[in-house]
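**Student:** In terms of numbering that gives the first Met the number 0, the sequence shown is numbered consecutively and its last residue is 377. Let me give you the structure first, and then I'll get to my questions.
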Amino acid sequence: MKNISRLRYFIYLSLIIIGGCTTGKNALQKGDYDSSVEKSVSRLQNSPKNSEAMQVLKTAYDLALKDHLRKIDEAKMSNDLFRWESVMYDYQKINQLADNINSCPACLAIVPNPTRYISELAESKYNAAAARYGSGLGYLRENNRLSAKKAYYEFEKVLNLQPDYKDAKTRMDDAYWAAVTRVVVQPIIVNSGMYKLSADYFQQQIDQFIGNYSRNKFVLFYGEEQATKQKIVPDQVLSLNFDDFIVGQTYVKERVEKLKRDSVVIGETRDKKPVYGKVKATLSIFEKNISSSGLLDMSITDWKTRKLVRQQKFPGTFIWRDSWASFNGDDRALSKEQLAITRRKEQLPPPPSALFLEFTKPIYKQLVDDIGYFYNNY
0 MKNISRLRYF IYLSLIIIGG CTTGKNALQK GDYDSSVEKS VSRLQNSPKN
50 SEAMQVLKTA YDLALKDHLR KIDEAKMSND LFRWESVMYD YQKINQLADN
100 INSCPACLAI VPNPTRYISE LAESKYNAAA ARYGSGLGYL RENNRLSAKK
150 AYYEFEKVLN LQPDYKDAKT RMDDAYWAAV TRVVVQPIIV NSGMYKLSAD
200 YFQQQIDQFI GNYSRNKFVL FYGEEQATKQ KIVPDQVLSL NFDDFIVGQT
250 YVKERVEKLK RDSVVIGETR DKKPVYGKVK ATLSIFEKNI SSSGLLDMSI
300 TDWKTRKLVR QQKFPGTFIW RDSWASFNGD DRALSKEQLA ITRRKEQLPP
350 PPSALFLEFT KPIYKQLVDD IGYFYNNY
């Protein structure tokens, strides 16, 4: 019986706590008037005769309205250039409270005419757009790239507030092109017909990367041919050149092992009994490494001043490996693994063009990572 009584007590207590939350009473006590209104409205939509929610709604709405109007008056008297955005925000919150109450018939019995500020909200939006527009013009007058970026975002905010405000769209476009850095990427030149196809493929990978680059809208990449056709005057030129590369540097290493094994059947007696003895062999293991490597230089130069903006070097190496073996003597001296490798034949290495392509793969990854790192927040 005691356990049943305790269970009932906890259930009752839980219902009180839950009821306080769903009616908005707790939020009201904490001074979160908007949340309190929202919760009490939700409660009355589901339970129109809930007396606690009725009382909470009446008190919370009055306090919420007074709080927002106080904040509006304070914002209007401040010297903050963007004070109208604060005013707009509070008018929006007041109107949202009214919308919530109007969607609940039981709530309208408690708050018959919730206040809405339509013209005041429109005026505050217009004034907020005007302030952002003036700020954008100020940044544009500074006539530098970083200020142009700031101007772009100011005009973007203007259009979000007032889509048809003056010439904000044109101004935003002007700011964008003043903020953009145009980068022309010069092609890699490899003076060797043997590696031309591989170098072209490497170049295609780079062209694909710059063609798909979109992390920073204020950086535009152009291939040299594209820039020439479109008559683009670059802000920067990105040059790529191999300082040096070596393809097919071959190293062959031979390792000789003397092998022997005891207790191996080497024959049999006349009465067919096995004869045990030692067997020996000489195993020659050959290891061939063909190394290909290169060093790519990336330099970014300011087109107007011809000053070096950034320079990095990216190394890449690829090693092709092969191994095989031969032996002299008794094959029973060899383990299964050793015997298996003696059955392998020396393999033909990949052609030089393929080796060239392989050592450029780690270079490509370093290159695009560095370009992204430099330009993503440029």
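Note that CB positions come from ideal geometry on N, CA and C, so glycine has one too.
What would DSSP say about S104, mapped onto helix, strand or coil?
**Tutor:** Looking at the sequence provided, one finds Pro at residue 104 rather than Ser. In the structure shown, P104 sits in a helix (DSSP, three-state: H, G or I).
**Student:** Counting along the chain, where does the beta strand (DSSP E) carrying P273 start and finish?
**Tutor:** 273-301
**Student:** Count the other CB atoms within 10 Å of the CB of S134; is the residue buried (16 or more) or exposed (fewer)?
**Tutor:** buried
**Student:** Pick from I284, Y152, G192, L68: whose alpha carbon is nearest that of D321?
**Tutor:** I284
**Student:** Tell me, which residues are paired with A324 by DSSP?
**Tutor:** According to DSSP, A324 bridges with I284.
**Student:** Hey, V236 and T180 are a contact pair by Cβ (cut 8 angstroms); roughly how many whole angstroms apart?
**Tutor:** Their Cβ separation, rounded to whole angstroms, is 11 angstroms, which puts V236 and T180 out of contact at 8 angstroms.
**Student:** Could you check if D261 is buried or exposed, using at least 16 other CB atoms within 10 Å of its CB as the buried criterion?
**Tutor:** exposed
**Student:** Which two residues bound the contiguous beta strand (DSSP E) that contains D382?
**Tutor:** The structure shown does not extend to residue 382, since the chain spans only 0 to 377, so no value can be given for it.
**Student:** E256 to Q337, Cα distance in whole Å?
**Tutor:** 11 angstroms
**Student:** Tell whether a beta-carbon distance below 9 angstroms holds between F244 and L196.
**Tutor:** no
**Student:** Report the option in S290, L333, N376, V189 whose CA atom is closest to the CA atom of P350.
**Tutor:** S290
**Student:** Pull up the DSSP beta-bridge partners for W176, would you.
**Tutor:** Answer is none; W176 lacks a bridge partner.
**Student:** Considering only DSSP beta bridges, list what R140 is partnered with.
**Tutor:** BP columns for R140 are empty, so no partner.
**Student:** Using 8 angstroms as the threshold, is the segment 33-47 in touch with the segment 102-118, meaning 3 or more CB pairs across them?
**Tutor:** yes
**Student:** Can you list, in chain order, the residues of its chain with a C-beta nearer than 6 angstroms to that of Y8? Leave out the 5 residues immediately preceding and following it.
**Tutor:** Since pLDDT at Y8 reaches only 42, below the 50 mark, its modelled position is unreliable, and no value is offered.
**Student:** First and last residue of the beta strand (DSSP E) that includes L219?
**Tutor:** 218-222
**Student:** Output needed for P348: all residues of its chain with C-beta closer than 6 angstroms, excluding positions within five of it in sequence on either side, in chain order.
**Tutor:** I289, W319
**Student:** Since I believe A178 is in contact with K148 (beta carbons under 8 angstroms), could you give me their beta-carbon distance rounded to a whole number of angstroms?
**Tutor:** 4 angstroms
**Student:** With respect to the alpha helix (DSSP H) encompassing N375, which residues constitute its N-terminal and C-terminal limits?
**Tutor:** Run containing N375: none; DSSP gives neither H nor E here.
**Student:** Could you compute how far the alpha carbon of R269 sits from the alpha carbon of I340?
**Tutor:** Straight across, the Cα-Cα distance linking R269 with I340 is about 37 angstroms.
**Student:** What three-state label does DSSP hand I15 in the structure shown?
**Tutor:** Caution is warranted here: a pLDDT of 40 is assigned to I15, below 50, making its placement in the model unreliable, and no coordinate value can be reported.
**Student:** Could you please give me the residues that DSSP links to G133 through a beta bridge?
**Tutor:** In the DSSP secondary-structure assignment, G133 is not bridged to any residue.
**Student:** Tell me the rounded alpha-carbon separation between G266 and L282.
**Tutor:** About 24 angstroms.
**Student:** Compare the C-alpha of S191 against each of Y377, F355, D369 and name the closest.
**Tutor:** F355
**Student:** How far does the alpha helix (DSSP H) with G23 in it reach, from first residue to last?
**Tutor:** First-last for G23: undefined, no H or E at that position.
**Student:** Hey, L366 and L239: beta-carbon distance below 9 angstroms or not?
**Tutor:** yes
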